[in-house]
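S.K.: Residue numbers (this note's numbering), protein chains in the order written: chain G, 476 to 582; chain P, 23 to 137. Think of the CB as a built atom: it goes at the ideal place given N, C-alpha and C, for glycine as much as any other residue. Please see the structure below; I have some questions.
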């Protein structure tokens with residue numbers, strides 16, 4: 476099983492702060508997806524990264540895929556309370572998910 | 023375009039019973055995947071159906087089964103429920119033709135509680 480390790484597990488920050496969450500694997504993967512899940516709802520796809528070294532931006536969110544395609548990061552600039560949720564990375568057809576990072580942004 | 027819908031949203035059952043959950047994918051999507059989410063194990067893949075055939079399967083016991091109909095709607099069934107089956111069951115749909123680049127769209131889930 477090609478596991479995905481996410482860190483940190485939990486992050487509690489003040490509104491306006493920046494943060495980065497990480498997704499790592501010992502194996503190379505052809506693509507990786509980031510999802511955000513709010514309580515009581517299903518995960519919502521944020522982005523898919525495919526090319527090593529790729530950087531994608533979604534408003535205040537910046538996603539990076541490592542050059543070796545074994546790791547990825549999600550950086551949020553000036554976090555807002557609406558960013559609160561569970562952030563999950565996933566790979567593969569049978570989506571293998573990391574355990575997720577619970578983000579809480581306090582106003 | 024309507025999203026993925028799941029019914030029911032909440033369900034309470036007792037040990038030993040069986041349960042059937044339903045999922046309607048996004049129009050035009052032929053692949054439906056099912057996942058179990060628990061606080062301890064996170065999100066785990068159950069199985070995927072594509073064009074009425076099971077295409078992929080996770081590591082769950084045979085008590086967990088599914089099927090897909092010609093209109094791509096899918097059901098999953100859990101027989102002989104155990105307390106540990108309490109979870110959020112999520113359905114996701116995709117076109118199913120993207121290979122490893124397989125963007126999936128999730129429904130809101132069915133919260134199953136086994137007493």
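(1) With 9 Å set as the bound, which would you pick, yes or no: does the beta-carbon of residue 575/G sit closer than that to a beta-carbon of chain P?
(2) Would DSSP call residue 542/G helix, strand or coil?
(3) Could you check where the beta strand (DSSP E) with residue 88/P kicks off and where it finishes?
(4) How far does the beta strand (DSSP E) with residue 531/G in it extend, from its first residue to its last?
(5) When the cut-off is 9 Å and only beta carbons count, does residue 483/G lie next to chain P?
(6) What are the partner residues of residue 578/G, as DSSP defines its beta bridges?
(7) Name the residue from 39/P, 27/P, 119/P, 78/P whose alpha carbon lies nearest to the alpha carbon of residue 108/P.
(8) Does the stretch 87-94 of chain P come close enough to the stretch 521-540 of chain G to have 3 or more Cβ pairs within less than 8 Å?
(9) Please confirm whether residue 42/P and residue 98/P have their CB atoms less than 9 Å apart.
(10) Determine, for residue 134/P, whether the minimum Cβ-Cβ distance to residues of chain G falls below 9 Å.
(11) Could you give the first and the last residue of the continuous beta strand (DSSP E) run that contains residue 78/P?
(12) Could you name the residues of the stretch 518-532 of chain G whose beta carbon sits closer than 9 Å to any beta carbon of chain P, in the order they occur along the chain?
(13) Which of the residues in the stretch 74-94 of chain P, read from start to end, lie with their CB under 7 Å from any CB of chain G?
(14) Along chain P, which residues have their Cβ under 7 Å away from the Cβ of residue 572/G?
(15) Against residue 104/P, what residues of chain G qualify as contacts under a CB-to-CB distance less than 8 Å, listed in chain order?
(16) Can you tell me where the beta strand (DSSP E) holding residue 72/P begins and where it ends?
(17) Taking the alpha carbon of residue 509/G as the point to measure from, which residue in 485/G, 478/G, 561/G has its own alpha carbon closest?
(18) Answer yes or no: do residue 601/G and residue 578/G have a C-beta to C-beta separation smaller than 9 Å?
(19) Could you name the residues of chain P that residue 478/G contacts, counting a contact when the two beta carbons are closer than 9 Å?
(20) Any idea what DSSP makes of residue 33/P, helix, strand or coil?
(21) Kindly indicate which residue of 571/G, 551/G, 556/G, 495/G has the alpha-carbon position closest to the one of residue 513/G.
(22) In its own chain, which residues sit with a C-beta less than 8 Å from the C-beta of residue 75/P, not counting the 5 before and 5 after it?
(23) Any chance the stretch 108-117 of chain P sits against the stretch 54-69 of chain P, with 3 or more Cβ pairs inside 8 Å?
M.R.: In short:
(1) At least one chain P Cβ lies under 9 Å of residue 575/G.
(2) Residue 542/G falls in the coil class under three-state DSSP.
(3) In the DSSP assignment, residue 88/P falls within the beta strand (DSSP E) that extends over 86-90.
(4) Where residue 531/G is concerned, the enclosing beta strand (DSSP E) starts and stops at 530-533.
(5) Contact of residue 483/G with chain P is not assigned, every C-beta pair being separated by 9 Å or more.
(6) When DSSP reads this structure, residue 578/G sits in a beta bridge with 486/G, 560/G.
(7) For residue 108/P, the nearest C-alpha among the options comes from 39/P.
(8) The stretch 87-94 of chain P is not in contact with the stretch 521-540 of chain G.
(9) Contact flag set, yes.
(10) Proximity of residue 134/P to chain G, defined by a Cβ-Cβ separation below 9 Å, is not satisfied.
(11) Segment 75-79, the beta strand (DSSP E) holding residue 78/P.
(12) For the stretch 518-532 of chain G, which is checked against every Cβ of chain P, the residues closer than 9 Å are 518, 519, 520, 523, 525.
(13) For the stretch 74-94 of chain P, residues whose beta-carbon sits nearer than 7 Å to a beta-carbon of chain G comprise 78, 80.
(14) Simply 64, 65.
(15) What residue 104/P touches in chain G: nothing, since even the nearest Cβ is about 23 Å away.
(16) 64-72 is the span of the beta strand (DSSP E), which, as asked, contains residue 72/P.
(17) That would be 561/G, whose Cα lies nearest to the Cα of residue 509/G.
(18) With chain G covering only 476 through 582, there is no way to say anything about residue 601/G.
(19) Result: empty, since nearest Cβ-Cβ is about 11 Å, beyond 9 Å.
(20) Note: residue 33/P maps to strand in three-state DSSP.
(21) Considering only alpha carbons, the answer is 556/G.
(22) Excluding residues up to 5 positions away in sequence, 90 lie with their Cβ nearer than 8 Å to the Cβ of residue 75/P in the same chain.
(23) Touching, yes.
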